[in-house]
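Asker:
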Amino acid sequence: MNALAATNRNFRQAARILGLDSKIEKSLLIPFREIKVECTIPKDDGTLVSYVGFRVQHDNSRGPMKGGIRYHPEVDPDEVNALAQLMTWKTAVADIPYGGAKGGIGCTPKDLSTSELERLTRVFTQKIHDLIGVNTDVPAPDMGTNAQTMAWILDEYSKFHGHSPAVVTGKPIDLGGSLGREAATGRGVVYATEALLAEHGKSVKGLTFAIQGFGNVGSWAARLIHERGGKVIAVSDITGAVKNPDGIDIPALLQHKDATGKLADFSGADAMDSNDLLTHECDVLIPCALGGVLNRENAGDIKAKFIIEAANHPTDPEADEILSKKGVTILPDIYANAGGVTVSYFEWVQNIQGFMWEEEKVNQELKRYMTKAFNNIKGMCQSHNCNLRMGAFTLGVNRVARATQLRGLKLAEKQEKSPFLTIDNPKELRDDIEDSKNSVETSHPRFCDERWKNGTWDLNMFVKQGRVDWDAVIVAEAKRRKFLELYPEASSNEEPVLFRSSIIPWWAWIVHSHLPEAELLNGQTSCLYEYSSSVQQKTKFCMLFYFGRAAMVGFFMAYLVDALTGLDVVGQTGNFVCKAALFVTVIGVVLFRRKEDLGNLQKLADEATYYDKQWQASWQSPESSNAVKEQIRKE
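So for the sequence shown, UniProt numbering puts the first residue at 1; every next one is plus one.
Dropping the structure here:
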């Protein structure tokens, strides 16, 4: 059973235990957004090579989405989807204010030079920078990526959005990374292990441990277990495996691997077959590598009494059932390896505060969060008479479901969470991995808003207290035009693209020209964004220049028509005092405008040609349409 099927199975079982409504269950299962991008880079020898990258944003009910980016040749949409969903439940179990996401690029990092990895990372960031952000989606390192990768993402993202250290976590310390982040996942594994063993009247000291995977997580877990008096008797990674029944000298093994790059030939232990590590005689087995390593073929041979899932999805459901019958206690991944994302949360908080914590405080807070989460899982196990995996899943799913309900979202329609970018058929998106000609493929995203009907706005849905809320109409129209600028819709005789937004009267633009959206649609706006360092939130300030220019010109023309024809067009705007005040304002703008500012009027005329370009793009061939689309973006 693959990772996605297994994750969905665990989720559905937790949903049944909780008695969730079927609509809520469906809503929580469908990802918020699935993204596929094509990344073409020049290699060092000048040849071009293309890679496919993915980002799945699963749920944002409890806060910004959070999840790593991995570089691995076996990255595929199903795996990324499963890991994104696991991140949703993991952050909820840890009780940190995040949702879940995951990303990756199908590549082999060891086959790429440092400069090629940098180019690939920057191109990937360019493709997704509008879809991630400090309060939207915060990536982190994962398999095949590291702090340097995050530094490249931060730098590339900052070119578009200004300096934003909190946009990624797991960064180098010099760029705003947190002390203790490198060891966080491994340290969290040890804290989780201590909590579980204490529940059974045991401690790390004196027990034997076998650790599969000796990368960042496995090496830190081994080091900390060794410091606490535990005996690490077997270790493996992709280079080989070693064992010593009396306990391996972990600091010496780390020095050996740093010097040689492999575990083999370590003088303090005997070589062993890597495949035998999982079934090696030990008290505690800690898989820290890839998923699916514990399955029905080897589950019956497992000799460990406790399994700590430091890797994501290391145990298949079939193996889970076999091990449960054998009396093996499994600490599930969505809790056991939550130390990394927890300290990522601490790093994010420090970046927003602009204040760095001491490493001792980071470790103390991590232990407090891990201990509290374990106690909450125990409570769910007692309430629902289930094992630790279901206790963790019910805890996480229940918290996300409650947050979703409290936000008042329409749970039957997941697209309500993403009104401007939807995927018509996620399966088709996964089936055409190799067909990645467009820079961003989301199965023809279409503008989606229940108030937009038959090519126009249904004003009945904007009525408040018996009157049309033109502020809301203008805001909605601004979002629609921005979406169509980025994603021109194909048009045909059967399904023509309609642009009937003239239902918004000209006087509404004048009366409501204080809105940034109105200015964006009717004049040229210069926006400066700054960010506060408040703990609570990031505040965005937008300073508008050339305020209401198009609205003023529109009023002046209407008043001129009145003077010539006597039709009283301006009468719609209010009484005589209002008209007089507006007239004086227009005259002031016209007479006292700076000379260099007059050239900007040409931009107003250029903006008016947007829909003509959009109409051409929708009827031309894909190649020419893409060219027009690119021209629109540049403008």
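Every residue, glycine too, gets a C-beta built ideally from N, C-alpha and C.
Fair warning: this is a prediction, and the values are worked out from it, not measured in the lab.
(1) Taking 8 angstroms as the cut-off, is the C-beta of G215 nearer than that to any heavy atom in the ligand ZN?
(2) Just list the beta strand (DSSP E) runs in the stretch 40 to 65, keeping only unbroken ones of 3 residues or longer that don't cross its boundaries, in chain order.
(3) Does the pairing of the stretch 74 to 84 with the stretch 151 to 166 give three or more beta-carbon distances under 8 angstroms?
(4) In whole angstroms, what is the alpha-carbon distance linking K361 and G340?
(5) If I'm right that I69 touches G104 with Cβ under 8 angstroms, what's the distance once you round it to whole angstroms?
(6) Would DSSP call M150 helix, strand or coil?
(7) In the structure shown, what three-state DSSP assignment does W457 receive?
(8) Need the endpoints of the beta strand (DSSP E) that M272 sits in, please.
(9) Can K102 and V56 be called in contact, C-beta distance under 9 angstroms?
(10) Is it the case that the Cβ atoms of D316 and N295 are separated by a distance below 9 angstroms?
(11) In the DSSP assignment, the beta strand (DSSP E) including P141 goes from what residue to what residue?
(12) In terms of residue numbering, what span does the beta strand (DSSP E) encompassing V232 cover?
(13) Enumerate in chain order the residues of its own chain whose CB-to-CB distance from S61 is below 7 angstroms, with the five nearest sequence positions on each side excluded.
(14) Which word fits R594, buried or exposed, when buried means at least 16 other C-beta atoms lie within 10 angstroms of its C-beta?
(15) Evaluate the contact criterion for the stretch 273 to 292 versus the stretch 227 to 236: three or more CB pairs, one atom per stretch, below 8 angstroms.
(16) Taking the CB atoms as reference points, tell me whether R181 and V343 lie closer together than 9 angstroms.
(17) Around the Cβ of Q212, are there at least 16 other Cβ atoms within 10 angstroms (buried) or fewer (exposed)?
(18) Would you kindly report the start and end of the unbroken alpha helix (DSSP H) that includes I225?
(19) Looking only at its own chain, which residues have a Cβ that is under 7 angstroms from the Cβ of F124, when we skip the five neighbours before and after it?
(20) Please report the straight-line C-alpha distance between D142 and G46, rounded to a whole angstrom.
(21) Does DSSP put Y98 in a helix, in a strand, or in coil?
(22) Helix or strand or just coil, what does DSSP make of A310?
(23) Taking C-beta to C-beta, are Y71 and G144 nearer than 9 angstroms?
(24) Report the CB separation of R451 from F462 in whole angstroms; it is logged as a contact under 8 angstroms.
(25) Just to check my reading of the structure: L331 and A192 have Cβ atoms closer than 8 angstroms, yes? What is that Cβ distance to the nearest angstrom?
Answerer: Straight from the coordinates:
(1) Only the bare structure without any ligand can be found here, which leaves the ligand ZN out of the picture.
(2) 48 to 59
(3) no
(4) Position 361 of the sequence shown, counted from the first residue, corresponds to residue 361. Position 340 of the sequence shown, counted from the first residue, corresponds to residue 340. The alpha-carbon atoms of K361 and G340 are separated by roughly 15 angstroms.
(5) The sequence position of residue 69 within the sequence shown is 69, counting from 1. The sequence position of residue 104 within the sequence shown is 104, counting from 1. Between I69 and G104, the beta carbon gap of about 6 angstroms places them in contact (Cβ cut-off 8 angstroms).
(6) Walking along the sequence shown from the start, residue 150 turns up at place 150. In this structure, DSSP gives M150 a helical state, which the three-state scheme calls helix.
(7) Against the sequence shown, residue 457 aligns to sequence position 457. Strand.
(8) The residue labelled residue 272 in the question sits at position 272 within the sequence shown. Counting along the chain, the beta strand (DSSP E) containing M272 begins and ends at 270 to 272.
(9) Here residue 102 refers to the residue found at position 102 when the sequence shown is read from its first residue. Here residue 56 refers to the residue found at position 56 when the sequence shown is read from its first residue. Contact flag set, yes.
(10) Reading the sequence shown from its first residue, position 316 is the one you call residue 316. Reading the sequence shown from its first residue, position 295 is the one you call residue 295. Yes; because the gap between Cβ atoms is below 9 angstroms, this pair is in contact.
(11) Your numbering for residue 141 matches position 141 in the sequence shown. First-last of the beta strand (DSSP E) with P141: 137 to 141.
(12) Along the sequence shown, read from residue 1 onward, the residue named residue 232 stands at position 232. Here the beta strand (DSSP E) through V232 covers 231 to 237.
(13) In the sequence shown, counting from the first residue as 1, residue 61 sits at position 61. Within the same chain, S61 has close Cβ partners G99, V400, A403, T404, R407.
(14) The residue you call residue 594 lines up with position 594 of the sequence shown. Legend: pLDDT at R594 = 49, less than 50; position of this residue unreliable, value from coordinates given subsequently. Counting Cβ neighbours within 10 Å, R594 comes out exposed, since fewer than 16 surround it.
(15) With the rule of 3 Cβ pairs closer than 8 angstroms, the stretch 273 to 292 counts as touching the stretch 227 to 236.
(16) If you number the sequence shown from 1, residue 181 lands on position 181. If you number the sequence shown from 1, residue 343 lands on position 343. Cβ distance < 9 angstroms, so R181 and V343 count as in contact.
(17) Reading the sequence shown from its first residue, position 212 is the one you call residue 212. Buried is the call here.
(18) The residue given as residue 225 occupies position 225 in the sequence shown. First-last of the alpha helix (DSSP H) with I225: 216 to 227.
(19) Position 124 of the sequence shown, counted from the first residue, corresponds to residue 124. If you ignore the 5 residues before and after F124, its C-beta comes within less than 7 angstroms of the C-beta of V37, C39, G53, I105, all in its own chain and listed in chain order.
(20) By one-based count along the sequence shown, residue 142 stands at place 142. By one-based count along the sequence shown, residue 46 stands at place 46. Cα to Cα, the separation comes out at about 29 angstroms.
(21) Locating residue 98 in the sequence shown gives position 98, where the first residue counts as 1. If DSSP states are grouped into helix, strand and coil, Y98 belongs with coil.
(22) For the purposes of this step, residue 310 is taken as the residue at position 310 of the sequence shown. Residue state, collapsed to three classes: coil.
(23) Here residue 71 is taken as the residue at index 71 of the sequence shown, counted from 1. Here residue 144 is taken as the residue at index 144 of the sequence shown, counted from 1. A contact, by the Cβ cut-off of 9 angstroms.
(24) Along the sequence shown, one-based indexing puts residue 451 at 451. Along the sequence shown, one-based indexing puts residue 462 at 462. Sure, about 7 angstroms apart at Cβ, within 8 angstroms.
(25) Residue numbering aside, residue 331 sits at position 331 when the sequence shown is read from its first letter. Residue numbering aside, residue 192 sits at position 192 when the sequence shown is read from its first letter. Rounded, the Cβ-Cβ distance is 6 angstroms, consistent with contact.
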